[in-house]
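Quick notes on the structure that follows.
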Amino acid sequence: MSDRAPVTVAADHGRAIPDAPGARADRIAAALASLGEEQRRLERLGFEDPLRRCHQERRYWAFLAALFHMSDAPPVSRPRGAR
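Structure, rendered in structure tokens:
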């Protein structure tokens, strides 16, 4: 983890991710939304380096969203005898 300041408060890596699936999804969605708003602001201002960092953070949080979505999904049941 980095000692750098978070791009947005909602996307702070130092904040705990909740254990409950619904709260976890809300936390990640809030981080992605705040980063999306920040990215649009940085694009308007033309700040390339901060924009690049914001994009990296959005990729990180999108990865977390996908990872937790897979782990929170109910198991797939297969019919008996199916491989």
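When we follow the working numbering, the leftmost residue of the sequence shown carries the number 11, and every step to the right adds one.
From the three backbone atoms N, C-alpha and C, an ideal C-beta is built for every residue, glycine too.
- Task: Report the rounded CA-to-CA distance for Arg37 versus Ile27, giving the unit in angstroms.
- Result: 7 angstroms
- Report the rounded CA-to-CA distance for Pro60 versus Arg51, giving the unit in angstroms. 11 angstroms
- Message: So the candidates are Asp22, Ala35, Ala30 and His23; which of them puts its Cα closest to the Cα of Ala75?
- Response: Ala35
- Note down the Cα distance separating Glu58 from Phe78, rounded to an integer number of angstroms. 30 angstroms
- Task: State yes or no: is the C-beta of Leu74 nearer than 6 angstroms to some heavy atom of the ligand GDP?
- Result: Looking at this structure, you won't find the ligand GDP or any other ligand, since it has none at all.
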